[in-house]
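Numbering (this note's numbering), first residue to last: 309 to 656. Glycine included, every Cβ here is placed at the ideal spot set by N, Cα and C. Below: the structure, in structure tokens.
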Amino acid sequence: MANIKDVEKSMNNEPIQHLVSNGAGFAKPMSRQDVLLSDMELPLSETFYPLGYAVQILTNEQSVLDAARESFGHMLPRYTEFTLQVRVGVSDGGTMDCPPEPIRREYNHLFSLVADAENQALLDLKSCTNFIWVKRSTVQRRLYFRYNLLEKPVYVLLGSSVVTDLHAACVSKYDRGVLLCGNSGAGKTTLAYACARAGWTYTSDDTSYLINSSKSPRVAGHSHRIRFRDAAKSVFPELANRELTPRLEGKPSIEVSTSEFDGIETSCEARIHAIVYLNRDFTGTARSVALADGTAVRRMSQELYSSGEIRMKQEKALDALRDIPTYELRYCDLSSAIEILELLVRQN
Numbered sequence: 309m310a311n312i313k314d315v316e317k318s319m320n321n322e323p324i325q326h327l328v329s330n331g332a333g334f335a336k337p338m339s340r341q342d343v344l345l346s347d348m349e350l351p352l353s354e355t356f357y358p359l360g361y362a363v364q365i366l367t368n369e370q371s372v373l374d375a376a377r378e379s380f381g382h383m384l385p386r387y388t389e390f391t392l393q394v395r396v397g398v399s400d401g402g403t404m405d406c407p408p409e410p411i412r413r414e415y416n417h418l419f420s421l422v423a424d425a426e427n428q429a430l431l432d433l434k435s436c437t438n439f440i441w442v443k444r445s446t447v448q449r450r451l452y453f454r455y456n457l458l459e460k461p462v463y464v465l466l467g468s469s470v471v472t473d474l475h476a477a478c479v480s481k482y483d484r485g486v487l488l489c490g491n492s493g494a495g496k497t498t499l500a501y502a503c504a505r506a507g508w509t510y511t512s513d514d515t516s517y518l519i520n521s522s523k524s525p526r527v528a529g530h531s532h533r534i535r536f537r538d539a540a541k542s543v544f545p546e547l548a549n550r551e552l553t554p555r556l557e558g559k560p561s562i563e564v565s566t567s568e569f570d571g572i573e574t575s576c577e578a579r580i581h582a583i584v585y586l587n588r589d590f591t592g593t594a595r596s597v598a599l600a601d602g603t604a605v606r607r608m609s610q611e612l613y614s615s616g617e618i619r620m621k622q623e624k625a626l627d628a629l630r631d632i633p634t635y636e637l638r639y640c641d642l643s644s645a646i647e648i649l650e651l652l653v654r655q656n
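Following this line, the structure appears as structure tokens:
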């Protein structure tokens, strides 16, 4: 009877073999590389420009590129000196059930998105080396795949290398941008859209991206769309007949392309001249109150979803906002809030 050491020695010296069809009805051994999918060929590629940065998608499945075109195809190149490669390997099979929302984990510069054993992404945020493994049935669930296993990895990688995520909307007037900040539900999207209706330029509704390389504080945003809470229907009549957009994470929202709104001016970037924290539950006369220097940097640092050296890099990037005048906007109606913002951009 063989002892355990003999078995272990045999396992270390002999390749693990699994049987797979060779296409002619016969079985052939599967190598370690086949089992690991480490030699998966990715012959298809196309370059897109999320936030203006070049992102080359490499894959073995055309429908991945079709999904990427839906997510990023409307964006134009702005920063071509940086190119990110994102690898998406698709294997046959899968179940009829939609995978669960991926669980995110991070340790220093290592980041994982795991929906299940067959659908996951592994990212090295320091080197930007990455690989996304999915089943073909997952790619066919287009919205799920785009939101969870395509857009998330891309923006996480960009956020660790060339931009820093800010939980803020952005609008501008007279070429002076204002970041609208606050907790979830503070009214960032509502006020940003109200400003756009009043002639301001719209850049983003809830997330803005600080451009790390910019000499003066600038942010990029998803100016092509706005996501509203369902309650916004009671404020903006044009949303009355809009249905909730299927989303697999976060609170339900109504997603609308800004091109559908007549007279709305947009810009994918804005230079920041003021930072405003929203307090829309105020019952008195609307006004702005100056906040202490460094308030925005401190609060934004607390909102970062990163760790280790990546977090240190993002905190350093936030220093660009340290000297930007910061206020609390106390208001209860949108028209008075817009008037206060108008005064702020004129004086800054």
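Between the alpha carbons of residue 570 and residue 650 lies a distance of about 22 Å. Non-local C-beta neighbours of residue 387 in its own chain, meaning closer than 6 Å and more than five positions away in sequence, comprise 360, 361, ordered along the chain. In the DSSP assignment, residue 397 falls within the beta strand (DSSP E) that extends over 387-399. Residue 401 holds the alpha-carbon nearest to the alpha-carbon of residue 443 among 401, 644, 416.
For residue 577, the enclosing beta strand (DSSP E) has its first and last residue at 577-587. In the three-state scheme derived from DSSP, where H, G and I count as helix and E and B as strand, residue 647 is classed as helix. By a beta-carbon distance limit of 8 Å, residue 350 does not contact residue 399. Their separation comes to about 12 Å.
For residue 655, the number of other beta carbons within 10 angstroms of its own is below 16, and it is reported as exposed.
When DSSP reads this structure, residue 527 sits in a beta bridge with 518, 578. Judged by DSSP in its simplified three-state form, residue 485 adopts strand.
Residue pairing by DSSP leaves residue 610 without any beta bridge partner. In the three-state reduction of the DSSP assignment, residue 569 falls in the coil class. When the Cα atoms are used, residue 494 and residue 348 turn out to be separated by approximately 46 Å. Straight across, the Cα-Cα distance linking residue 542 with residue 646 is about 19 Å. A straight-line Cα-Cα distance of about 31 Å links residue 520 and residue 352. Residue 573 and residue 510 do touch by the CB rule: their CB atoms are close to 7 Å apart, below 8 Å.
In the three-state DSSP reduction, residue 626 falls in the helix class (H, G or I).
Proximity to residue 430 across 423, 413, 439 peaks at 439, based on C-alpha coordinates. Excluding five sequence positions before and after residue 553, the CB atoms of its chain that fall closer than 7 Å to its own CB belong to 561, 562, 563, given in chain order. The shortest CA-to-CA distance from residue 588 to any of 433, 644, 640 is the one to 640. A buried status is given to residue 535, since no fewer than 16 other beta-carbon atoms sit within 10 Å of its beta-carbon. Within a 10 Å sphere around the beta-carbon of residue 512 sit 16 or more other beta-carbons, which makes this residue buried.
Across the structure, residue 491 and residue 409 are spaced so that their CA atoms are roughly 23 Å apart.
The beta carbons of residue 354 and residue 375 sit about 11 Å from each other, so the pair does not count as a contact at 8 Å.
Annotated three-state conformation of residue 553 is strand, per DSSP. Bridge partners of residue 441 according to DSSP: 397, 428.
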